[in-house]
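Okay, so here's the structure we're looking at.
In the working numbering, the protein residues as written are 1261 to 1538.
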């Protein structure tokens, strides 16, 4: 089943692996440049900054980022319909293998942020492949890579690997790793809380199976795994914002926007390289 041009115009086709805030920011910028963009959901790691991402559109919630919305699609026919309409980003549980049936992507981005996983070779699966964050090496498992760590985020790597993760989150309101609470074991996560709520130290923010998970300090809930989701050991269950009235938990943040801008720069770089080769 091949997508057909609409009115003689074929929109470039982009597949982004991941539904987190970085993947979503890239999807917004690509959609605004007339790419038909599909976000492919991966359950690992779970998305916590859900008000900064299209993730909850997977559950038919209305999510809009910078004037762009996303719609859940169940199959290739839904994707073709959404492509013809041209108004929204697609989000789906279909994996890359399923999406390749539609057509070879013009652009494939791995934005899953699986920093400690074995990274597959994405090259030759799309006309251009870009890896975001650690575990990518341009010329080995992707065509171009982009740094995501603080201090170097947005730097395009044309040859060699991105830096390894240093396990040090960028500070927010003077808090680093301590603003996150991680799962101590595999289980099902339950929470009655909504992102944006103010909670206090030692308040039970949720339960991992039957074990209560407590807020580490007073603050605003910046992110939290969706209620009812199965999680693996060591993943982030929630994030606190200690900045009080200056807390931000919605929209596209600077970190994600910088990386999305780097994706657009990578497209320009790739086009110039292709032009030089012709």
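For every residue, glycine included, the Cβ atom is placed at its ideal position computed from N, Cα and C. In this text, all values refer to a predicted model and were calculated from it rather than measured experimentally.
N- and C-terminal bounds of the alpha helix (DSSP H) containing residue i
| i | result |
| --- | --- |
| residue 1284 | 1281-1291 |
| residue 1357 | 1356-1359 |
| residue 1362 | Looking at the DSSP string, residue 1362 is not in any alpha helix (DSSP H), and its letter there is neither H nor E. |
Nearest-angstrom Cα separation, counted from residue j out to residue i
| i | j | result |
| --- | --- | --- |
| residue 1283 | residue 1472 | 31 Å |
| residue 1433 | residue 1345 | 42 Å |
| residue 1386 | residue 1336 | 18 Å |
| residue 1368 | residue 1339 | 16 Å |
| residue 1350 | residue 1494 | 30 Å |
| residue 1299 | residue 1352 | 6 Å |
| residue 1362 | residue 1356 | 10 Å |
| residue 1409 | residue 1272 | 29 Å |
| residue 1462 | residue 1441 | 12 Å |
| residue 1456 | residue 1307 | 15 Å |
| residue 1303 | residue 1281 | 14 Å |
| residue 1503 | residue 1458 | 11 Å |
| residue 1439 | residue 1301 | 25 Å |
| residue 1377 | residue 1445 | 18 Å |
| residue 1476 | residue 1358 | 41 Å |
| residue 1289 | residue 1454 | 27 Å |
| residue 1323 | residue 1342 | 16 Å |
| residue 1430 | residue 1309 | 15 Å |
| residue 1451 | residue 1482 | 14 Å |
| residue 1329 | residue 1311 | 12 Å |
| residue 1331 | residue 1435 | 35 Å |
| residue 1507 | residue 1499 | 12 Å |
| residue 1266 | residue 1360 | Bear in mind that a pLDDT of 38 at residue 1266, under 50, signals an unreliable position, so the number given afterwards is only what the model happens to contain. Taking the straight line joining both Cα atoms gives about 20 Å. |
| residue 1412 | residue 1375 | 16 Å |
| residue 1325 | residue 1291 | 11 Å |
Reference residue i; option with closest CA among the options
| i | options | result |
| --- | --- | --- |
| residue 1489 | 1313, 1312, 1319 | 1319 |
| residue 1316 | 1515, 1498, 1486, 1496 | 1486 |
| residue 1522 | 1431, 1405, 1422 | 1405 |
| residue 1286 | 1420, 1512, 1534, 1532 | 1512 |
| residue 1447 | 1457, 1469, 1429, 1456 | 1469 |
| residue 1370 | 1435, 1519, 1533, 1439 | 1519 |
| residue 1427 | 1506, 1421, 1437 | 1437 |
| residue 1421 | 1347, 1379, 1461 | 1379 |
| residue 1277 | 1294, 1305, 1270 | 1305 |
| residue 1270 | 1534, 1296, 1289 | 1296 |
| residue 1425 | 1395, 1275, 1435 | 1395 |
| residue 1327 | 1347, 1505, 1274 | 1347 |
| residue 1443 | 1460, 1452, 1465 | 1465 |
| residue 1534 | 1274, 1388, 1476, 1411 | 1388 |
| residue 1460 | 1293, 1474, 1384 | 1474 |
| residue 1449 | 1492, 1407, 1435, 1381 | 1492 |
| residue 1294 | 1366, 1384, 1412 | 1366 |
| residue 1505 | 1478, 1279, 1531 | 1478 |
Unbroken beta strand (DSSP E) run spanning residue i, endpoints
| i | result |
| --- | --- |
| residue 1501 | 1496-1501 |
| residue 1299 | 1296-1300 |
| residue 1440 | 1440-1442 |
| residue 1369 | 1367-1370 |
| residue 1273 | 1273-1277 |
| residue 1404 | 1404-1406 |
| residue 1455 | Looking at the DSSP string, residue 1455 is not in any beta strand (DSSP E), and its letter there is neither H nor E. |
| residue 1390 | 1389-1392 |
| residue 1382 | Residue 1382 -> no beta strand (DSSP E), and no H or E assigned at all. |
| residue 1482 | 1479-1484 |
Residues bridged to residue i [DSSP beta-bridge criterion]
| i | result |
| --- | --- |
| residue 1449 | 1468 |
| residue 1330 | 1349 |
| residue 1417 | 1405 |
| residue 1513 | Answer is none; residue 1513 lacks a bridge partner. |
| residue 1435 | 1432 |
| residue 1321 | DSSP lists no partner for residue 1321. |
Cβ distance (whole Å) where residue i is taken to contact residue j below 8 Å
| i | j | result |
| --- | --- | --- |
| residue 1480 | residue 1497 | Wrong, their Cβ atoms sit about 16 Å apart, outside the cutoff. |
| residue 1398 | residue 1418 | 6 Å |
| residue 1526 | residue 1416 | 5 Å |
| residue 1393 | residue 1373 | 5 Å |
| residue 1509 | residue 1501 | 6 Å |
| residue 1402 | residue 1391 | 4 Å |
Residue i Cβ short of 7 Å to the ligand SAH heavy atom set
| i | result |
| --- | --- |
| residue 1412 | Within the structure as shown, the ligand SAH is missing, as the structure has no ligands at all. |
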